[in-house]
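> This is the structure I want to talk about, given as structure tokens.
Residue numbers (the numbering used here): 3 to 230.
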């Protein structure tokens with residue numbers, strides 16, 4: 003690579019890698035789709051939804067709430083603003099970048115959940131119901147609610163992925179908690195495994211796009227004056 007530009011060979015390798023990733027993701031979705039009913043039946047551990055009254059269950063589920071990520075983002079903004087005030091007094095760029103990480107986390111969670119909701123309206127695939135069989139609003143009429151993709155999982159993974167990029171040491175714990183959030187939706191029969199899978203893919207795509215768009219802003223990873 004020279005001066006930040008890719009050579010033709012590097013661009014070719016990049017396209018090949020992206021194609022391979024796309025094929026792998028498509029194959030993963032195909033396999034999960036074929037196994038969706040069996041996975042749903044196996045993981046349906048609480049059809050009566052009695053776990054919803056448990057504190058630990060609610061704790062993991064709230065990880066998929068935008069309010070949770072908004073509060074966490076606010077705390078991160080206050081922290082970074084305090085650091086900028088103490089360590090970089092008089093540096094206008096450092097101060098203007100103090101909101102970057104907190105806003106990025108909130109936007110990642112919100113846009114990922116929003117993307118999942120948008121896909122629900124497009125796919126119109128119903129939630130599993132009593133039998134765990136696929137039904138679609140555009141063929142079966144009123145199906146009572148759509149599930150592809152899970153907005154709880156989308157919000158949880160969007161926030162977890164972005165926060166993990168800012169704090170690499172927390173990446174795996176955050177992803178594990180996001181997965182537990184997604185599982186709270188699966189074990190009560192509210193979603194298929196593919197609902198969660200698609201939500202994760204959407205969340206990564208949203209975070210990747212957001213990172214590329216905003217990394218050059220004050221406080222962003224590619225901004226020359228970013229100081230942590």
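For glycine and all other residues, C-beta sits at the position ideal for the given N, C-alpha and C.
For the structure I just gave you, are there three or more beta carbon pairs, one from the region 168–177 and one from the region 119–129, closer than 8 Å?
No: fewer than three Cβ pairs fall under 8 Å.
> Given 8 Å as the limit, is there contact between the region 177–195 and the region 154–163, that is, 3 or more CB pairs closer than that?
Taking 8 Å as the limit for Cβ pairs, the verdict is that the region 154–163 does touch the region 177–195.
> Can residue 68 and residue 104 be called in contact, C-beta distance under 8 Å?
Within the chain shown, the letter at position 66 stands for residue 68. Within the chain shown, the letter at position 102 stands for residue 104. No.
> Per DSSP, what kind of secondary structure is residue 226 in: helix, strand or coil?
The sequence position of residue 226 within the chain shown is 224, counting from 1. Here the model assigns residue 226 a pLDDT of 48, short of 50, so the residue's position is not dependable and the matter cannot be decided.
> Assign residue 219 to one of three DSSP states: helix, strand, or coil.
Walking along the chain shown from the start, residue 219 turns up at place 217. Three-state DSSP puts residue 219 in coil, outside helix and strand.
> Given a cut-off of 8 Å, decide if residue 194 and residue 233 are closer than it, judged by their beta-carbon atoms.
In the structure displayed, the chain extends from 3 to 230; residue 233 sits before or after that span and is not available.
> Can you check whether the CB of residue 200 is closer than 8 Å to the CB of residue 135?
Counted from its first residue, the chain shown places residue 135 at position 133. Counted from its first residue, the chain shown places residue 200 at position 198. Contact: no.
> Considering only C-alpha positions, which residue in the set 197, 218 and 211 is nearest to residue 34?
Position 32 of the chain shown, counted from the start, is the residue given in the question as residue 34. Of the candidates 197, 218 and 211, the one whose C-alpha sits nearest the C-alpha of residue 34 is 197.
> List the DSSP bridge partners of residue 127.
Here residue 127 refers to the residue found at position 125 of the chain shown. Bridge partners of residue 127: 138.
> Cα-Cα, which of 46, 83, 213 and 99 is closest to residue 133?
Position 131 of the chain shown, counted from the first residue, corresponds to residue 133. Ranking the options by Cα distance to residue 133, first place goes to 46.
> If you follow the alpha helix (DSSP H) that residue 89 is in, where does it begin and where does it stop?
Residue mapping note: residue 89 aligns to position 87 of the chain shown, counting from 1. Taken as a continuous stretch (DSSP letters only), the alpha helix (DSSP H) holding residue 89 covers 68–89.
> Give every residue of the same chain whose Cβ lies closer than 6 Å to the Cβ of residue 191, excluding the five residues on either side of it in the sequence, and list them in chain order.
On the chain shown, position 189 is the one that residue 191 refers to. Result list for residue 191: 46, 49 and 130, in chain order.
> Is the CB-CB distance between residue 111 and residue 167 below 8 Å?
Residue numbering aside, residue 111 sits at position 109 when the chain shown is read from its first letter. Residue numbering aside, residue 167 sits at position 165 when the chain shown is read from its first letter. Contact: no.
> Based on the DSSP output, what are the partners of residue 232 in its beta bridges?
With the chain represented from 3 up to 230, any question about residue 232 goes unanswered, as that position is not in the structure.
> Could you name the residues of the same chain whose beta carbon sits closer than 8 Å to that of residue 179, not counting the 5 residues immediately before and after it, in chain order?
Residue 179 sits at position 177 when you count from the first residue of the chain shown. Contacts found: 62, 65, 158 and 162.
> Looking at residue 176: is its Cβ nearer than 8 Å to the Cβ of residue 109?
Position 174 of the chain shown holds residue 176. Position 107 of the chain shown holds residue 109. Their beta carbons are not under 8 Å apart, which means residue 176 does not touch residue 109 by this criterion.
> Ignore the nearest five residues each way along the sequence and tell me which others in residue 126's own chain have a CB closer than 8 Å to its CB.
As a first step, residue 126 must be located in the chain shown, where it is residue number 124. So the qualifying residues of the chain are 138, 139, 140, 145 and 148.
> Could you check if residue 28 is buried or exposed, using at least 16 other CB atoms within 10 Å of its CB as the buried criterion?
Locating residue 28 in the chain shown gives position 26, where the first residue counts as 1. So residue 28 ends up on the exposed side.
> Straight-line CA distance for residue 42 to residue 15?
To locate residue 42, count along the chain shown from 1; it is residue 40. To locate residue 15, count along the chain shown from 1; it is residue 13. Computed Cα separation, rounded: 38 Å.
> Starting from residue 173, trace the alpha helix (DSSP H) in both directions and tell me its first and last residue.
Taking the first residue of the chain shown as 1, we reach residue 173 at position 171. Where residue 173 is concerned, the enclosing alpha helix (DSSP H) stretches over 173–188.
> Quick one, are the C-beta atoms of residue 113 and residue 208 less than 8 Å apart?
Working through the chain shown from its first residue, we reach residue 113 at position 111. Working through the chain shown from its first residue, we reach residue 208 at position 206. A contact, by the Cβ cut-off of 8 Å.
> Taking residue 54 as the reference, which of 22, 188, 78 and 89 has the closest Cα?
In the chain shown, residue 54 corresponds to position 52, counting from 1. Residue 188 is the option with its Cα nearest to residue 54.
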